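Counting from 1, position 57 in the sequence shown corresponds to residue 136 in my numbering; the numbering is continuous, with no gaps.
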Amino acid sequence: MSQSPSLTRYILRHIRPFIPHILVMILTASLQAGVNIVAPYLLKIITNRVLYLNADNIVQGLWYPILTYIVLHVLIELFWRLRTYFVDIRMDPQICQNIREEYAERIINKNYTFHQNNYKSYLVHNAVQLSNNVPKIIETFFLRMLVMILSLIAGFYALYQASYQFALLLGIWTCIFFLTIFLANKFVIKRAIQWAKRNSEVAGVIGDSFSNILAVKFFGRQDEEKRVIGDSLTKATQAHRAMSWRYLGIYTLLSIAYLILQTFNFILLVRGRMQGTLSVGDFGYVLGVNLSIILMCWWNIQQFSELSKIIGESKQALTILETPMQFYDHPNAKILQIKKGNIVFKNVTFEYPQSEQPVLENLALTIPAGQKLGIVGYSGGGKTTLIRLLLLLYKLQKGEILVDDQSISEVTEHSLREAIGIVPQESLLFNRSLRDNIVYGKPDATDEEIIDAAKKAYIHDFIQELPEGYSTLVGDRGARISGGQKQRVAMARTILKNPPILVFDEATSQLDTVTEEYIQQSMYQLMKGKTTIVIAHRLATLDKMDRIIVVENGKIVEDGTHQQLLAKKGSYHTLWNTQVNGILPTSKKV
């Protein structure tokens, strides 16, 4: 995990386009600070005149301060409405959108390992928290904190006019206030970050359970999921309590300081009134200014707990966002140019973190352009890893992979993946329409092209029978359609894309025998003239491959045609004879 990035720099970067909006906030804050001081002064004048003016001239003496008091409050209300328009309506929603767009882009662009190591719901939770919290932080510092600071400055001056003693008392209390906040900030924010992290973990755990609800139901493990979620919630609650204890200490100290301040204020006011140096209006004015400032400061410190939480959440989200990628496009990466489509693996070695031995070890493989290559082997032998390295989902640790004599580490990831069409074992469908899922590989496809691809994948007739046809939503990860239908939609997507290199990773594993036969015919038509890699456990699907390799423990142990490999009576022959109903066993022990 990288060091916590600067939240301040992040916020300043996002508010740079909104300087006029920030100025409206500052102007509103300045006016509010002025009203906080001037209003008690006007009340002082009104109080003194009520006491000392007679019935004949009271109206003449009061109309001006009363009118000024009303005008000031009307003016500040107008500025607050102006702030609402510029900030709540114009700035905040746009900042929220900008942050979410940037967050989504940066998370999507992170490498596959990052996504393997983080809950999806955890990442979504952080995106929502960051985008919601930044506007709150901006308003707190550019409006509420500014109002408080300006009011304190004006309050010192106003109280000094009555007596330097009142200003001195307020100054002492202010020093205690800010010193407490400063000293407590480090500890509270640290606890807030821990609380935010636990909260994000709760979102991840709950999201994980919901995403695998079928497994929960199949195995009747509702109680187990409650326990796992409960454990996560307990940790979050403990972190929340640890943070709240810090708040309790801060509130207690400031409450004591406030009571001491008000006690000395009352003593000085009573003494001044007894000595005749303070009027009744001064009495109300000093209390009014102090009360206005103290209440405002106290309200801000009450918000401190909320502010520390959102700062903690934001820092936690930024830490995730700024997690460095393990690899990027080469600085001088070029666009992959496909001329023929030959693929070469040169002494490729790859080992997963915390793995005891390499998944692939010094693997050398050449796939001539246009060749149909089948790959078989027991689970864990390295077949899928081989494909993921070809797609640059993992960084090569040793060796090199070439496509048409171009090292894939020196071309852009986008151009590489544009040249490869893959139908994985698990159909990867979005909760969007069938049409959107099919055109995912070719967004500009025409309706005729979409229908043609669907027909070749033997899914068109099924789609036509649906009430909404191609506009039908497939549900979360395709939950509203069967496994075989999902696989055919994925097949149609690749057929439509029509790339020069094809990869089928158990592409027909979820199809019935009849449909599989039809799909294989479409696959063979699509394979013509294309470099094709087919991973299969059902060995009968490989009989038309130009060549088959057997991968065991990260190495190629056999290489040849179906008939050649059977004649060798080696590993492939054993696999063929030991498979059940055409399905490869998971290990040699079968």
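No residue lacks a Cβ here, since even glycine has one placed at the ideal position from N, Cα and C. What you are looking at is a predicted structure, and each value in this text was computed from that prediction instead of being measured.
- Task: Look at the Cβ atom of V553, then the Cβ atom of N516, and state whether they are nearer than 8 Å.
- Result: yes
- Task: Measure the CB-CB distance between I255 and A321 and report whether it falls below 8 Å.
- Result: no
- Message: In the DSSP output, what is T611 paired with across the bridge?
- Response: K451 and L581
- Out of curiosity, what's the CA-to-CA distance linking I125 and Y164? Distance between the alpha carbons of I125 and Y164 is about 35 Å.
- My understanding is that K477 touches V630, with C-beta atoms under 8 Å, so please give their C-beta distance in whole angstroms. Their Cβ separation, rounded to whole angstroms, is 17 Å, which puts K477 and V630 out of contact at 8 Å.
- Query: Would you report the Cα separation of Y148 and A118, rounded to the nearest angstrom?
  - Reply: The alpha-carbon atoms of Y148 and A118 are separated by roughly 6 Å.
- If I'm right that L468 touches I499 with Cβ under 8 Å, what's the distance once you round it to whole angstroms? Going by Cβ atoms, the distance from L468 to I499 rounds to 12 Å, so no, they are not a contact pair.
- Query: Tell me, which residues are paired with G639 by DSSP?
  - Reply: I627
- Length-filtered (3 minimum) beta strand (DSSP E) runs lying within the region 162-247: If you keep only unbroken beta strand (DSSP E) runs of at least 3 residues inside the region 162-247, you get nothing at all.
- Task: Return the chain-ordered list of same chain residues with a C-beta closer than 7 Å to the C-beta of F343, the five sequence neighbours on each side being excluded.
- Result: The answer, listed in chain order, is L248.
- Should M353 go down as buried or exposed, given a rule of 16 or more other Cβ atoms within 10 Å for buried? exposed
- Query: Apart from the five residues on each side of it in sequence, which residues of its chain come closer than 6 Å, Cβ to Cβ, to T107?
  - Reply: F158 and R162
- Query: Quick one: is E585 buried, meaning 16 or more other Cβ sit within 10 Å of its Cβ, or exposed?
  - Reply: So E585 counts as buried.
- Message: Between L442 and I635, how many whole angstroms is the CB-CB distance? I'm expecting something under 8 Å.
- Response: 6 Å
- Task: May I ask you to list the residues that DSSP assigns as paired with Q485?
- Result: V482
- How would you call V659, buried or exposed, if buried means at least 16 neighbouring beta carbons within 10 angstroms? With a pLDDT of 48 at V659, under the threshold of 50, the modelled position of that residue is not reliable, and no figure is offered here.
- Query: Is the beta carbon of L452 less than 8 Å from the beta carbon of T316?
  - Reply: no
- Where P99 falls, given that 16 or more other Cβ within 10 Å makes a residue buried: exposed
- Message: Which residue wins for smallest C-alpha separation from Y182, given the options L340, T219, D302 and L397?
- Response: L397
- Taking the C-alpha atoms as reference points, what is the distance between K623 and R567? 21 Å
- Message: Buried or exposed for Y603, going by 16 or more other Cβ atoms inside 10 Å?
- Response: Classification of Y603: exposed, given that the 10 Å Cβ count is below 16.
- Message: For the region 483-498 against the region 644-656, do three or more pairs of beta-carbon atoms, one drawn from each stretch, fall closer than 8 Å, so that the two count as touching?
- Response: no
- Task: Could you check the C-alpha separation between M80 and Q395 for me, to the nearest Å?
- Result: Residue placement at M80 is flagged as unreliable, the pLDDT there being 36, under the threshold of 50; the coordinate-derived value follows with that caveat. Roughly 11 Å between the two C-alpha positions.
- For F509, the three-state DSSP class (helix, strand or coil): Note: F509 maps to coil in three-state DSSP.
- If we ignore side chains and look at the alpha-carbon of each, how far apart do Y326 and I168 end up? The C-alpha of Y326 lies about 33 Å from the C-alpha of I168.
- Query: N441 lies in the beta strand (DSSP E); which residues open and close that run?
  - Reply: Looking at the DSSP string, the run of the beta strand (DSSP E) that includes N441 is L439 to I446.
- Task: Kindly give me the distance between the Cβ atoms of N205 and S279, rounded to whole angstroms, as I take these residues to be in contact under 8 Å.
- Result: 6 Å
- Message: Cutting at 7 Å between CB atoms, please list the residues of its own chain near D171, excluding the five before and the five after it.
- Response: P214
- Identify whether I116 lies in helix, strand or coil by the three-state DSSP scheme. Note: I116 maps to helix in three-state DSSP.
- Message: Tell me the rounded alpha-carbon separation between G140 and F220.
- Response: 40 Å
- Query: At what residues does the beta strand (DSSP E) containing K425 begin and finish?
  - Reply: Residues I422 to F429.
- Completely contained alpha helix (DSSP H) runs for the region 514-579, where each covers 4 or more residues: Under the rule that a run must span 4 or more residues, the alpha helix (DSSP H) segments found entirely inside the region 514-579 read 526-535, 539-544 and 562-576.
- Task: With a cut-off of 8 Å on the beta carbons, I'd call I574 and K607 a contact; round off their distance for me.
- Result: That pair is no contact at about 12 Å.
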